[in-house]
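Everything on this sheet refers to the single structure shown next.
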Amino acid sequence: MYPLSDLTDLYQEVILDHNRHPRNFGALAEADRTAVGHNPLCGDRLKLYLKLDGDRIRQVMFEGSGCAISKASASLMTEAVEGLTVAEAGRIFEAFHKMVTGDQAVDLDDETLGKLAVLSGVREFPIRVKCASLAWHTLKSALAGSAEIAKTE
Ligand code: ZN
55 MYPLSDLTDL YQEVILDHNR HPRNFGALAE ADRTAVGHNP LCGDRLKLYL
105 KLDGDRIRQV MFEGSGCAIS KASASLMTEA VEGLTVAEAG RIFEAFHKMV
155 TGDQAVDLDD ETLGKLAVLS GVREFPIRVK CASLAWHTLK SALAGSAEIA
205 KTE
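To convert, take the position in the sequence shown, counting from 1, and add 54; that gives the numbering used here.
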């Protein structure tokens with residue numbers, strides 16, 4: 055189980071809320087891209103549905119099952135990228151990846167990251183980084199039109 059006590063109360067609240075009430079949860083019938091992601095380390099699985107309008111992400115939805123972190127991260131991701139261009143979503147992915155892998159310091163007040171900063175605590179728990187990144191790897195694969203299952207390895 056994720057040591058939630060190690061996160062700040064505020065971040066913990068947001069994550070638990072997104073886990074209990076995931077945003078944009080469900081299948082999107084008129085999706086023009088889909089991708090499946092699997093994190094074998096934890097057992098998280100999700101399917102992502104994308105509706106594009108040119109190079110803009112019009113709508114994103116997901117379904118699947120997994121731990122609280124993977125679900126909350128997917129929920130937050132759908133909110134973060136909706137309405138963005140593919141290039142903008144790519145920049146957020148980069149910033150998010152830097153934040154959770156902790157390779158270098160990131161400015162958590164950075165507007166690019168916005169609400170995603172609530173997941174910064176996972177950098178202390180390498181196994182959970184994969185849970186938090188799963189939705190993003192799946193998004194990347196959906197945007198690339200890849201038919202392969204997105205893996206966190
Ligand atoms: Zn997980």
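The C-beta atom is built at its ideal place from N, Cα and C for all residues, glycine as well.
Q: Throw me the rounded Cβ distance for the T155 and G91 pair, which I believe falls under 8 Å.
A: Wrong, their Cβ atoms sit about 17 Å apart, outside the cutoff.
Q: Measure the Cβ-Cβ separation of N78 and V135 and say whether it is below 8 Å.
A: no
Q. When the Cα of S119 is compared with those of C96, L106, R110 and T88, which residue comes out closest?
A. C96
Q) H75: buried (16+ other C-beta within 10 angstroms of its C-beta) or exposed? A) Exposed is the call here.
Q) If you measure from each residue's Cβ to the nearest non-hydrogen atom of the ligand ZN, which ones come out under 6 Å, in chain order? A) N93, C96, D98, G120, C121, I123, S124 and C185
Q. Cβ of S195 within 8 Å of Cβ of A204?
A. yes
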